[in-house]
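Novice:
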Amino acid sequence: MKLHLASAVSRLFSKILRLHYSFFSGKILSVRAICTDAENRIYLVRHSYTPGWHLPGGGVDNGVSVEEALAAELREEGNLQILGKPMLKYVYLNVEGSRREHIVLFTAQVSQPDGFSRNFEIIEGRFFSMAELPPDLDPACQRRIQEWVIGEFGAAAW
Numbered sequence: 002m003k004l005h006l007a008s009a010v011s012r013l014f015s016k017i018l019r020l021h022y023s024f025f026s027g028k029i030l031s032v033r034a035i036c037t038d039a040e041n042r043i044y045l046v047r048h049s050y051t052p053g054w055h056l057p058g059g060g061v062d063n064g065v066s067v068e069e070a071l072a073a074e075l076r077e078e079g080n081l082q083i084l085g086k087p088m089l090k091y092v093y094l095n096v097e098g099s100r101r102e103h104i105v106l107f108t109a110q111v112s113q114p115d116g117f118s119r120n121f122e123i124i125e126g127r128f129f130s131m132a133e134l135p136p137d138l139d140p141a142c143q144r145r146i147q148e149w150v151i152g153e154f155g156a157a158a159w
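Using the numbering used here, you'd call the opening residue of the sequence shown number 2 and step up by one each time.
#1: DSSP three-state call for Leu1: helix, strand or coil?
#2: When you compare the CB positions of Ile146 and Val111, do they come within less than 7 Å of one another, or not?
#3: Using 10 angstroms around the beta-carbon of Pro57, count the other beta-carbons present and answer buried if the total reaches 16, otherwise exposed.
#4: Should Val67 and Val92 be called a contact, given that it needs their Cβ atoms to be closer than 7 Å?
#5: At the level of alpha carbons, what is the spacing between Ala156 and Leu45?
#6: Can you tell me whether DSSP reads Val61 as helix, strand or coil?
#7: Considering only the alpha carbon of each residue, which of His103, Trp149, Asp38 lies closest to Lys28?
#8: Identify, in the order they occur along the chain, each residue of the same chain with its Cβ nearer than 7 Å to the Cβ of Trp149, setting aside the five sequence neighbours on each side.
#9: Counting only runs that start and end within the region 68-114, where is the beta strand (DSSP E) found for 3 or more residues in a row?
#10: Excluding the five sequence neighbours on either side, which residues of its own chain have a C-beta within less than 8 Å of the C-beta of Arg47, listed in chain order?
#11: I'd like the span of the alpha helix (DSSP H) that includes Arg144, first residue to last.
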């Protein structure tokens, strides 16, 4: 029961934030990453407020670089530590949301020395091999992984 209530509250909070941003903010900048471990498995997360599995990431606050925001989001969403320098792949326009959000996509090699810790936003996070990707993968996430596999990024929309 507590999980359902927390999930409902989280969904409501997410909708309120989106509404706030659509009225009071100009542009929104977000980061996402295709994160792989030493076994070349991809890290995905399930949020409390939306169905399916997604690439980890989040918003970029004022005064923070996209690389700093990415490192913070990966720590928050999976206790992930970036190994080396993340590689910028493309900047997409999210046409399904407010049409104001640009998403900066990176690839990054990561480690997870302390394992996953569930939190209010992220209810599950784990690594998947390409052969075991979940069936309820977010469509945009699936497109980004396909681009990564063939090595060609560049669709106009997220």
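By construction, the Cβ of each residue, glycine as well, lies at the ideal position given by its N, Cα and C atoms.
Specialist: Taking the structure as given:
#1: Not covered by the structure: residue 1. The range shown for the chain is 2 to 159.
#2: no
#3: buried
#4: no
#5: 21 Å
#6: coil
#7: His103
#8: Ile35, Thr108
#9: 82-94, 102-112
#10: Gly53, Trp54, His55, Ile123, Ile124, Glu125, Gly126
#11: 140-151
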